[in-house]
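Reading the sequence shown from the start, the letters are residues 22 to 286 in the numbering used here.
Yeah, the Cβ is synthetic: ideal placement off N, Cα and C, and Gly gets one too.
For clarity, every value in this text was computed on a predicted model and none was experimentally measured.
Worksheet: the structure to be examined is printed underneath.
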Amino acid sequence: MHKKERAGLQRYFVPAEQWQDDGVTITGDDAHHVMNVMRGRIGDRFLCCAPDGRTAVVEVAAAMKGIVEAKILEWIEESREPGIDIYIAQSLPKGDKMETVIQRCTEIGAAGFIPFVSARTIVQYDDKKEAKRLERWHKIAKEAAEQAHRDLVPHIDRIVSWKELLQRFDEADLVLLCYEQEVDNGLGQVLRQWREQADRSASGKQRIWVIIGPEGGFTEQEAEQAQSAGASRVHVGPRILRTETAALVALTCVLYEYGEMGGSR
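Shown next, in the form of structure tokens:
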């Protein structure tokens, strides 16, 4: 199947246990979507993405209530994923803003999200509601990844404290703290300097964390703690952005610098 033909096909992310050697089983909401929303019939084709990032063109072979059996026609070689993993660490914002951040940043190309609680976080954290929140956020990320024709659904971490976040900085190759009080170091400037010094021989994708504060921003103490833990303090321009806007802008800037948004590599 040609690339142009595949571009119009619906995409579904399927758990590992539903794959067989020559086929895949679609269940639940996705099966409903195939048969009732897309009006799928025997012989219809769509795309299925495996958890390892591989994507297959499949064809409906059988359908019954709540289940669609499809056979694999071919595996697609090209990838739509960025050449660098960017994680958005977002201090929990008010209302449904976290959902907006996850949806939009998934479309743009984020590899994952780390929600956290900081000094000026307004949202009251309730661990009893965490499982329900994470389930909702994962569903939003999955739907956004399908809409954007991505090969992977971004990972969403559990909600962590500011202290826990600081202790995990060594998981990233570069940590960027977006801080409105920073005046000297722009995000692009810091990123270009880091890329010039980065170890080109390192195996695997490089991983960047972009840390975004809550509506009231970070305290000076938090900014100092982050810098002491290894983060680079950066600004994303002279204008003060809403917390959900800052995440989108910062992510886009990093991807642009890596040539993933029309920029130069």
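- Contact between Y108 and I129 does not hold, since their C-beta atoms are separated by about 13 angstroms, which reaches or exceeds 8 angstroms.
- Only residues of its own chain outside the window of five on either side were considered, and among them P235 and G237 have a CB closer than 6 angstroms to the CB of R141, listed in chain order.
- The three-state reading of DSSP puts S249 in helix, counting H, G and I together.
- DSSP places K226 outside both helix and strand once states are collapsed to three, so it counts as coil.
- Secondary structure note for M119: its alpha helix (DSSP H) is the uninterrupted segment K118 to I129.
- By the Cβ criterion, the segment 183-196 is in contact with the segment 244-260, since at least three pairs of Cβ atoms, one from each stretch, lie closer than 8 angstroms.
- Around E203, the same chain offers R254, V255 and H256 as residues with beta carbons nearer than 7 angstroms, after the five sequence neighbours per side are excluded.
- Relative to D148, the option among W40, R179, C70 and V81 whose CA is nearest is R179.
- In the DSSP assignment, S182 forms a beta bridge with V138.
- A residue is called buried once 16 or more other Cβ atoms fall within 10 Å of its Cβ, and T127 is buried on that count.
- Taking the Cα positions, D117 is about 11 angstroms away from R154.
- In the DSSP assignment, R157 falls within the unbroken alpha helix (DSSP H) covering D148 to Q168.
- For the 8 angstroms CB-CB criterion, V79 and L94 form a contact.
- For M56, the closest C-alpha among the options R213, I143, W215 and A91 is that of A91.
- In terms of Cα proximity to A268, the closest of L197, H54, Q41 and I161 is L197.
- Residue pairing by DSSP places F34 opposite C70 in a beta bridge.
- In this structure D73 is exposed. Its beta-carbon is surrounded by fewer than 16 other beta-carbon atoms within 10 angstroms.
- Ranked by Cα distance from G64, the options G49, A83 and A52 are led by A83.
- Per the C-alpha coordinates, the member of R228, V275 and Y200 positioned closest to T240 is Y200.
- By the 16-neighbour rule on beta-carbons within 10 angstroms, V58 is exposed.
- When C-alpha distances from R263 are compared across E217, T121 and V275, the shortest belongs to T121.
- Taking A77 as the centre and dropping the five residues before and after it, the same chain places the C-beta of C69, I93 and W96 closer than 6 angstroms to its C-beta, in chain order.
- The three-state secondary structure of L173, taken from DSSP, is coil.
- Around the beta carbon of A37, fewer than 16 other beta carbons lie within 10 angstroms, which makes this residue exposed.
- Taking V174 as reference, the option from P103, Q145 and G225 with the minimal CA-CA separation is P103.
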